[in-house]
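J.: This is the structure, below, for whatever I ask next.
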Amino acid sequence: MINIQKKNIKINIIPLIDIIFLMLVFFMLATNFSEKKEISFKLKQNIEIFNDSQENLLIYIKNNSFVINEDSIENSNVEEKVLSYWNSKNFKNIIILNDKNSNLQKLIFILDILKKNEIKNVSFADDPKI
Numbered sequence: 060m061i062n063i064q065k066k067n068i069k070i071n072i073i074p075l076i077d078i079i080f081l082m083l084v085f086f087m088l089a090t091n092f093s094e095k096k097e098i099s100f101k102l103k104q105n106i107e108i109f110n111d112s113q114e115n116l117l118i119y120i121k122n123n124s125f126v127i128n129e130d131s132i133e134n135s136n137v138e139e140k141v142l143s144y145w146n147s148k149n150f151k152n153i154i155i156l157n158d159k160n161s162n163l164q165k166l167i168f169i170l171d172i173l174k175k176n177e178i179k180n181v182s183f184a185d186d187p188k189i
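Just so we're on the same page, my numbering is the position in the sequence shown counted from 1, plus 59.
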């Protein structure tokens, strides 16, 4: 009888581990890790706002234009005017009034300005009693 020697075949898994680590690094670098960003707010119905109140800065969004404390503002100057009003007096709150004909993008534009400048005391109304 002929003796046939069996060869011990070993599978080298080191290249497989290298490829797995390279894929892991690739996906970690290619993935965008960001927090979920959302704005949550409740819309109050029929709130009472007094124009002579020195604590509230009123921002109206009427027919897709901005009115800040009864002064009409152009779209290009909104951020500058909001900050100048906010810094001119010691306002405690900003109240945003939005009519039904206005574009939602205008409201988001104002919210972005306020968030960028770290103004946090913001209230909303759609049908105020003035």
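Cβ atoms here follow ideal geometry from the backbone N, Cα and C, with glycine treated the same way.
#1: Cβ of residue 140 within 6 Å of any heavy atom in the ligand FAD?
#2: Please determine if the stretch 114-126 and the stretch 147-156 are in contact, where contact requires at least 3 C-beta pairs separated by less than 8 Å.
#3: So, residue 122 versus residue 160, is the Cβ gap smaller than 7 Å?
#4: Compute the beta-carbon to beta-carbon distance between residue 172 and residue 145, rounded to the nearest angstrom, for a pair I have assumed lies under 8 Å.
#5: Looking at residue 46: is its Cβ nearer than 7 Å to the Cβ of residue 140?
#6: Could you pull out every residue in the same chain whose Cβ sits closer than 8 Å to the Cβ of residue 169, ignoring the five residues on either side in sequence?
#7: Count the other C-beta atoms from every protein chain shown that fall within 10 angstroms of the C-beta of residue 132, then say buried if there are 16 or more, exposed otherwise.
#8: Where does residue 86 land, buried or exposed, given buried means 16+ other C-beta within 10 angstroms?
T.: On the basis of the data shown:
#1: Ligands are entirely absent from the displayed structure, and the ligand FAD is therefore not among its contents.
#2: yes
#3: Looking up residue 122 in the sequence shown gives position 63. Looking up residue 160 in the sequence shown gives position 101. Their beta carbons are under 7 Å apart, which means residue 122 touches residue 160 by this criterion.
#4: The residue given as residue 172 occupies position 113 in the sequence shown. The residue given as residue 145 occupies position 86 in the sequence shown. That pair is no contact at about 10 Å.
#5: What the structure shows of the chain is the stretch from 60 to 189, and residue 46 is not part of that stretch, so it cannot be assessed.
#6: Here the question's residue 169 lines up with position 110 in the sequence shown. For residue 169, where only same-chain residues beyond five positions count, the Cβ hits under 8 Å are 118, 120, 125, 137, 141, 155.
#7: Taking the sequence shown and counting its residues from 1, the one referred to as residue 132 is at position 73. Counting the other Cβ atoms within 10 Å of the Cβ of residue 132 gives 16 or more, which makes it buried.
#8: What you label residue 86 is simply residue 27 of the sequence shown in a count that begins at 1. Flag for residue 86 reads exposed.
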